[in-house]
Amino acid sequence: MARKFKIFNQTITQDSNCFFVAEIGANHCGSVETGKKLIDMCKLAGVNAVKFQKRSNKNLFTKKIYDSIYDNPNSYGRTYGLHREKLELNIKQFKQLKKYATKKGLLFMCTPFDLQSVAELKSINLEAYKIASADITNIPLIKEIAKTKKPTFMSTGCATMAQVIRAHKEFTKINKNLCLMQCTSIYPPKYNQFHLNVINTYMKKFKNNIIGLSSHESGIAMDLVAFVKGARVIEKHVTLNRAMKGTDHAFSLEFVGLKKTIEYLTNAKKAFGSSIKHQMQEEKEKLKKQVKSIVAARRVLANKKIKLRDISYKVNGGVGLDPSHLNLFIGKKLKKEILKDQPFLTSNLKS
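If you count by this note's numbering, then the sequence shown holds residues 19 to 369, one letter each, in order.
Structure (structure tokens):
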């Protein structure tokens, strides 16, 4: 079976352009209007999909964690629970944003972090889901998302290969339409922490699945490397301003970086071109000013054997044969003499 991933009225294969997911996450800061501005930015930059996050915080965290003090410059509340609640959108707001994104021609997707969130998101008929790295061992959640039968991206940060294989197996028993994402759950990772060779490992192991990269890089270089290695989906965090309050803004892409990385990924696909080495017409025109031809180093008389000292290699506007044809002339005789800088031609050779 060919490697493919069906999503948003298209089928992604290894021959496809990069499918780019802009991870808005909680960078909307709890504001629908900010969420819409981010969707506008993503549309302008040329992304394929926008992704948000959904948590049912009191179901997700124990009371101890929910009530724990969360006092730092990025905090939106005195406790971790209050902080998360401030950043949470309700299902009615998600419905608004989904409608807005759809109008813009963007796929709207979401990462549910708990079973309650999956249930709520079903009510707005999400087009695609994402499974977070932290839930690679959360088999009940994985199965519940698989049951939606919607295309799903699965991040694999923090995971062992055994955990990835198990999660893949449990999901694909129910839903084959899965994209596996190499991911390093460090924000941002150092270059030696990306382990992009895992993309090749996944491609060998999971032969029916498209592989992607969920990147937390603050730059854009590794996205291009991942695409060249075979990833056909790239996910990046995005923000209106890296200086905004919150933990994810600092390593997220602003508009200029987002637009540039999409341009690079699009142009990389074009640059792959043909696998057959050939000479293009545009190259041939350039060669006229550069390629050397076999010409006379001096006057060469008719009926005399051509010697190596009679030959020179000079740019001659593409007229004549290139130096690889030297053996056609050495030791042969000319029908008529040629002067210095005139090309040696096979039509002037005695048979």
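Glycine residues also receive a C-beta, built at the ideal position from the N, C-alpha and C atoms.
Along the length of the region 276-328, whole beta strand (DSSP E) runs at least 3 residues long occupy 310-314, reported in chain order. In chain order, ALA67, LYS69 and GLU253 place their CB closer than 6 Å to the CB of VAL39, counting only its own chain and leaving out the 5 sequence neighbours on each side. For PHE189, the uninterrupted alpha helix (DSSP H) segment begins and ends at 179-190.
Counting the other Cβ atoms within 10 Å of the Cβ of VAL274 gives fewer than 16, which makes it exposed. Within the same chain, and ignoring the five residues on either side of THR219 in sequence, the residues whose Cβ sits closer than 8 Å to its Cβ are MET179.
In the displayed model, SER330 falls within a strand according to three-state DSSP. With a contact defined as Cβ atoms closer than 8 Å, LEU124 and PRO158 miss out at about 30 Å. ILE83 has its alpha-carbon roughly 37 Å from the corresponding atom of PHE26.
For PRO130, the secondary structure class from DSSP, reduced to helix, strand or coil, is strand. Rounded to whole angstroms, the separation of the alpha carbons of SER34 and ALA286 is 12 Å. ILE228 and CYS197 have their C-alpha atoms some 5 Å from each other. Rounded to the nearest angstrom, the Cβ distance from ALA150 to THR129 is 5 Å, consistent with a contact under 8 Å.
Counting of Cβ neighbours within 10 angstroms places THR279 among the buried residues, the total reaching 16 or more. Here the region 345-364 makes contact with the region 319-331; the two share three or more CB pairs at distances below 8 Å.
Our two residues, THR80 and LYS288, have alpha carbons roughly 50 Å apart in a direct line. If you check the CB distance, SER86 and TYR98 come in under 7 Å.
According to the DSSP assignment, TYR147 belongs to no alpha helix (DSSP H) but to the beta strand (DSSP E) extending over 146-149. GLY349 counts as exposed, since fewer than 16 other beta carbons sit within 10 angstroms of its beta carbon. Separation of LYS76 and THR284 (C-alpha to C-alpha, rounded to the nearest whole angstrom) is 42 Å. Bridge pairing for GLN71: THR129 [DSSP]. Residue burial is scored here from C-beta neighbours: MET199 has at least 16 other C-beta atoms within 10 angstroms and is therefore classed as buried. If you look at CYS47, you'll find it isn't in any alpha helix (DSSP H); DSSP assigns it neither H nor E. Under the three-state reduction of DSSP, SER135 is assigned to helix. When secondary structure is reduced to three states using DSSP, LEU258 falls in the coil class, being assigned neither helix nor strand.
The beta carbon of THR120 lies closer than 8 Å to those of PHE126 in the same chain, with the five residues before and after it left out. If you keep only unbroken alpha helix (DSSP H) runs of at least 4 residues inside the region 189-241, you get 215-223.
Closest option to VAL136, judged by alpha-carbon separation, among GLN114, LEU105 and LYS168: LYS168.
Judged by DSSP secondary structure, LYS104 falls within the alpha helix (DSSP H) whose first and last residues are 98-104.
DSSP lists VAL68 and LYS254 as the bridge partner or partners of ALA40.
Pairing TYR205 with GLY335, the inter-Cα distance amounts to about 57 Å. Annotation for THR170: the continuous beta strand (DSSP E) segment containing it runs 170-173.
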